[in-house]
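For reference, the structure is listed below as structure tokens.
Quick look at the structure:
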């Protein structure tokens with residue numbers, strides 16, 4: 139998939155695939171990666187859609203999560219080049235703009251999601267299943283891990299369901315012809331089997347050493363390949379806060395001021411200790427009912443009746459813990475007598491917490507409906523919100539102040555060095571005056587600027603390449619260090635002497651000759667195969683083997699070969715026993731069709747599934763065209779400086 143995207147990133151097909159990925163991604167982003175505990179209003183406003191704001195913090199999270207999504211898909215193949223090639227920054231913002239537009243349109247059309255629909259959806263999410271049943275413990279643990287409150291999660295899922303409902307409005311009008319059904323059926327059901335030989339474009343090695351004259355001739359003919367790009371050398375100062383931490387002692391008044399300024403950070407949330415008995419709503423056990431809504435309603439009534447019955451037993455004197463152990467559908471707390479332990483406000487869903495607020499200590503609630511089912515809640519204790527006393531957080535404040543003051547000191551030192559160096563043009567003397575060392579780097583280029591002592595600081599390198607000879611930069615401040623740079627030297631792009639790049643020239647020549655030898659061998663094998671029709675025979679004595687594919691269709695990827703359109707098209711054009719060949723990217727293929735499986739005729743079930751799938755594909759196209767039209771007509775403002 140990666141190579142296909144790289145080669146066809148500008149085609150309409152790949153754009154369509156990417157948009158499907160983006161749409162699916164935005165719909166699942168919340169519970170796949172979480173929100174980091176932050177609201178969507180961080181940073182400046184990066185865009186507005188009909189006046190509604192999209193914040194830079196929301197954009198940054200979406201972009202970072204999109205990068206994570208692709209990194210998970212492609213693993214070691216993922217690179218910065220892919221981020222640029224796929225234009226993921228634009229894709230992230232486009233996805234947020236599209237989502238905002240669609241939610242606005244859904245509001246106009248008065249589309250809503252009922253609590254019952256939301257509950258059914260959340261209970262069906264695979265991430266919360268335990269032994270094929272919804273698990274409240276899994277739900278709580280997952281949201282806690284993702285630092286998401288139940289309220290945030292429910293709001294996001296409600297939005298996703300509204301978007302799905304909006305998209306489904308386009309699924310009813312698409313028409314499907316018999317020709318389309320037949321073409322799709324043949325694509326999926328006509329099968330082929332191949333015997334094939336595959337080898338890389340440098341598989342056959344040239345058994346040759348190259349003379350000095352041959353190396354020189356190759357170098358002279360290909361000088362541009364070995365050109366060294368423009369390079370620079372810098373003299374720089376690096377001042378790090380960690381060098382000054384030990385010598386900083388915050389004053390008592392500074393500690394007090396920090397405590398007052400950051401008092402919100404020392405808030406301890408309201409805490410509850412509670413137990414519950416949970417009764418799940420299981421609509422899968424309701425049979426002979428016409429609609430999902432009716433099944434859900436009956437299942438809900440059945441769960442409430444069971445919860446009411448258990449509450450009656452508790453009120454009549456039954457032990458709450460024993461009833462929970464025997465009857466609760468929450469496997470995590472049930473075995474603990476229903477105990478949920480102590481938890482902060484915001485941990486539980488809103489209906490559960492509202493009930494806690496109404497209860498007195500020791501009181502037991504009536505059955506309460508949440509996305510998990512019906513709860514009978516017993517409140518054991520409630521601790522009001524408070525703020526930690528200054529003595530509780532004194533050491534933490536001291537650590538924070540030391541870091542802050544060390545950073546401030548570093549920036550003052552960097553400023554003094556810069557001002558002194560600007561006067562006399564001597565960075566080294568200015569640094570020595572402030573008891574800081576200077577370093578002179580090796581020469582480096584834009585393409586290769588791996589300086590371990592600098593690390594990943596793009597601003598350092600961008601500034602370095604913007605300087606003129608002997609110019610001194612203003613301080614570059616980062617959380618880890620402050621830098622001042624002087625351009626000490628530069629080298630223009632140049633063709634090196636052969637002796638400087640001899641190993642690289644030799645390796646490049648060997649690779650080229652190996653590819654020429656392999657290409658010639660491929661042509662020879664292809665000619666022999668055309669005559670002899672025998673793969674095993676033509677590769678005798680070579681370090682190659684004949685492989686055998688299973689049956690595959692035009693819609694499949696060929697195991698061992700991949701989803702290569704050229705090879706599949708050639709394979710299905712062959713009669714059994716015929717042979718063909720192909721070069722795709724850096725590999726050669728020789729293959730023979732050994733079996734054919736006709737598609738036959740589709741049964742009613744297959745026709746129904748094909749029609750449904752084609753309608754879905756057509757409705758998605760119609761939906762996307764409609765969205766594109768909405769965007770053309772929309773009042774959208776984008777601040778690209780924040781991207």
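Numbering (my numbering), first residue to last: 139 to 781.
Don't be surprised by glycine CBs; every beta carbon is placed ideally from N, CA and C.
Run of the alpha helix (DSSP H) containing residue i, from where it starts to where it stops
{"i": "residue 472", "result": "469-472"}
{"i": "residue 676", "result": "673-676"}
{"i": "residue 397", "result": "390-399"}
{"i": "residue 690", "result": "Unbroken run through residue 690: none, as it is neither H nor E."}
{"i": "residue 801", "result": "The first residue shown for the chain is 139 and the last is 781, placing residue 801 beyond what the model contains."}
{"i": "residue 265", "result": "Unbroken run through residue 265: none, as it is neither H nor E."}
{"i": "residue 239", "result": "226-246"}
{"i": "residue 222", "result": "218-223"}
Nearest neighbour of residue i, chosen from the options [CA to CA]
{"i": "residue 189", "options": "775, 681, 780 and 292", "result": "775"}
{"i": "residue 625", "options": "680, 372, 230 and 351", "result": "372"}
{"i": "residue 825", "options": "381, 225 and 367", "result": "Shown here, the chain extends from 139 to 781; a query on residue 825 therefore has no answer."}
{"i": "residue 714", "options": "455, 780, 699 and 329", "result": "329"}
{"i": "residue 412", "options": "607, 498 and 537", "result": "498"}
{"i": "residue 362", "options": "610, 634 and 621", "result": "634"}
{"i": "residue 297", "options": "537, 514, 252 and 265", "result": "252"}
{"i": "residue 291", "options": "266, 308, 313 and 307", "result": "266"}
{"i": "residue 314", "options": "738, 463 and 756", "result": "756"}
{"i": "residue 284", "options": "429, 346, 588 and 485", "result": "485"}
{"i": "residue 760", "options": "512, 193, 662 and 307", "result": "307"}
{"i": "residue 725", "options": "339, 301, 223 and 215", "result": "339"}
{"i": "residue 787", "options": "206, 406 and 512", "result": "Shown here, the chain extends from 139 to 781; a query on residue 787 therefore has no answer."}
{"i": "residue 684", "options": "754, 693 and 674", "result": "674"}
{"i": "residue 539", "options": "384, 623, 602 and 496", "result": "384"}
{"i": "residue 630", "options": "255, 367, 231 and 257", "result": "367"}
{"i": "residue 593", "options": "620, 613 and 541", "result": "620"}
Other residues of its chain near residue i: CB distance less than 7 angstroms, five sequence neighbours each side excluded
{"i": "residue 318", "result": "752"}
{"i": "residue 574", "result": "375, 377, 551 and 555"}
{"i": "residue 160", "result": "Any reading at residue 160 needs caution, since the residue's pLDDT is 48, under 50, leaving its predicted position unreliable; the model's value is listed next. Taken in chain order, the residues that qualify are 229 and 233."}
{"i": "residue 560", "result": "610"}
{"i": "residue 607", "result": "625 and 628"}
{"i": "residue 595", "result": "616"}
Contacting residues, own chain, Cβ-Cβ under 8 angstroms from residue i (five flanking each side not counted)
{"i": "residue 304", "result": "240, 243, 244, 247 and 249"}
{"i": "residue 500", "result": "516, 517 and 518"}
{"i": "residue 408", "result": "482, 483, 520, 521, 522 and 523"}
{"i": "residue 670", "result": "676"}
{"i": "residue 668", "result": "717"}
{"i": "residue 448", "result": "415, 417, 461, 465 and 514"}
{"i": "residue 644", "result": "348 and 353"}
{"i": "residue 325", "result": "691, 692 and 693"}
{"i": "residue 312", "result": "752, 753, 756, 757 and 760"}
6 angstroms Cβ shell around residue i - same chain, five flanking residues per side excluded
{"i": "residue 771", "result": "none"}
{"i": "residue 690", "result": "696"}
{"i": "residue 764", "result": "none"}
{"i": "residue 177", "result": "Residue confidence is low: residue 177 scores 43 on pLDDT, short of 50, so the model does not pin down where it sits. Its coordinate-derived value is still stated next. Cβ neighbours of residue 177 beyond the five flanking positions: none."}
{"i": "residue 508", "result": "487, 489 and 490"}
{"i": "residue 536", "result": "388"}
{"i": "residue 468", "result": "274 and 416"}
{"i": "residue 773", "result": "188"}
Limits of the beta strand (DSSP E) - the one that residue i falls within
{"i": "residue 644", "result": "Not the beta strand (DSSP E): residue 644 falls in the alpha helix (DSSP H), residues 640-670."}
{"i": "residue 185", "result": "183-187"}
{"i": "residue 191", "result": "190-193"}
{"i": "residue 370", "result": "369-377"}
{"i": "residue 624", "result": "620-629"}
{"i": "residue 414", "result": "409-417"}
{"i": "residue 774", "result": "774-776"}
At which residue ranges does the segment 539-613 contain complete alpha helix (DSSP H) runs of 4 or more residues, listed in the order of the chain?
-> 565-571 and 596-604
Residue ranges of each alpha helix (DSSP H) within the segment 287-365, 4 or longer = 288-306, 316-327 and 350-359
Specify whether the segment 272-286 and the segment 526-540 touch according to this definition: at least 3 beta carbon pairs, one from each stretch, less than 8 angstroms apart.
-> no
Is the segment 350-357 touching the segment 577-595 in the sense that three or more CB pairs, one from each, lie closer than 8 angstroms?
-> no
Segments assigned alpha helix (DSSP H), at least 4 residues, entirely inside the segment 700-745 | 703-711
Touching or not, the segment 744-758 and the segment 318-333, by the rule of three or more beta carbon pairs under 8 angstroms?
-> yes
Does the segment 713-730 come within contact of the segment 333-342, defined as at least 3 CB pairs closer than 8 angstroms?
-> yes
Only counting runs of 4 or more residues, tell me where the alpha helix (DSSP H) segments fall wholly within the segment 439-520, in order along the chain.
-> 458-465, 469-472 and 488-496
Are the segment 413-427 and the segment 257-276 in contact at 8 angstroms, needing three or more beta carbon pairs?
-> yes
Taking 8 angstroms as the threshold, find out whether the segment 386-403 comes into contact with the segment 469-482 through three or more Cβ pairs.
-> no
Cβ contact check for the segment 655-662 and the segment 384-391: 3 or more pairs under 8 angstroms = no
Count the C-beta pairs between the segment 253-266 and the segment 194-208 that are closer than 8 angstroms, then say yes if the count reaches three, no if not.
-> no
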